[in-house]
Amino acid sequence: MSRTVILDNGHGGLINNVYQTSGKRSPNWSKGILYEGMFNRWVVNRIIEKLDRKKIPYFHISPEYTDVTLETRTNRADRIFEVNRNVWILSVHANAGGGTGIEGFTTIGNTASDPICDIILRNFETDLPHIVKRYDRSDGDRDKERDFQILKKPKAPSVLIECGFMDHPTDYTRLWDESYLSDLVNSLVRSVEEIWLG
Ligand SMILES: [Zn+2]
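According to the working numbering, numbering within the sequence shown proceeds without interruption in unit steps and concludes at 217.
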């Protein structure tokens, strides 16, 4: 396969302590409000450091701390794809709305995203053994399928990972937890490396 990752941290970040996105945050529980776009940047920034150290190439379509629109992210990814077809998009998110655990999404139907997402979710099984995996095995693989814009619109294969539910007490604690972040990031880096080596 041998594909280079295009990293995307969903939503805006914090600028001078002001969150750039409405909604998309945890309740104000013991550790304070977890802003999804802040968390997504923790994950992507840590991935970037590890890829730099390993000299594994990557692209990044949302380096700003402002909330870059999905249209702009898609256009940036498409411009990369036009000159390099061997790429894939990893969009990092955290969930809300009831539930617990981690999950990976691809577009509906059998596409190039499916085997990529399956590598990530398979590695989660080894690297995050105690975390609930929210799989949909009805079509023979582990991912769930939705036509989210960041999955459907870009020309490159695209995978969206939800790292936990901000509004679930256990997941909320975990999303703040250094050892969970470390395990999660190491697992994602392992998958990025595996997909890059092909
Ligand atoms: Zn999100």
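We put the beta carbon where it would ideally sit given N, CA and C, even for glycine.
Quick caveat: nothing in here was measured; it's all calculated off a predicted structure.
Limits of the unbroken beta strand (DSSP E) element including residue i
| i | result |
| --- | --- |
| Thr192 | Here Thr192 belongs to no beta strand (DSSP E); instead the alpha helix (DSSP H) covers 188–195. |
| Ala113 | 106–114 |
| Ile25 | 23–28 |
| Phe184 | 177–184 |
| Tyr84 | From DSSP, Tyr84 is part of no beta strand (DSSP E); its letter is neither H nor E. |
Ligand 1 heavy atom lying under 7 Å from the CB of residue i
| i | result |
| --- | --- |
| Glu90 | no |
| His112 | yes |
| Lys163 | no |
| His149 | no |
| Gly123 | no |
| Glu83 | no |
| Glu101 | no |
| Lys43 | yes |
| Gly29 | yes |
| Glu197 | no |
| Glu68 | no |
| Glu55 | yes |
Extent of the continuous alpha helix (DSSP H) run through residue i
| i | result |
| --- | --- |
| Val63 | 55–73 |
| Phe100 | 89–102 |
| Lys171 | 168–171 |
Own chain, CB closer than 6 Å to residue i, minus 5 neighbours either side, in chain order
| i | result |
| --- | --- |
| Asp137 | Asp160, Arg161 |
| Arg141 | none |
| Lys174 | Asp97, Phe100 |
| Asn114 | Glu181, Phe184 |
| Val87 | Ser81 |
Residues near residue i in its chain [Cβ-Cβ closer than 8 Å; skip 5 each side]
| i | result |
| --- | --- |
| Asp166 | Thr126, Ile127 |
| Gly116 | Phe184, Asp186 |
| Ile67 | Leu26, Tyr77, His79 |
| Trp195 | Lys50, Leu53 |
Beta-carbon contacts of residue i that lie in its chain and below 7 Å, excluding the five residues immediately before and after
| i | result |
| --- | --- |
| Thr205 | As written in the sequence, residue 205 is Asn, which differs from the Thr given in the question. Asp146. |
| Gly42 | none |
| Gly32 | Gln39, Gly56, Met57, Arg60, Tyr84 |
| Leu286 | Only positions 20 to 217 of the chain appear in this structure, which leaves residue 286 out of reach. |
Inside the stretch 125–164 only - alpha helix (DSSP H) runs reaching at least 4 residues: 132–146
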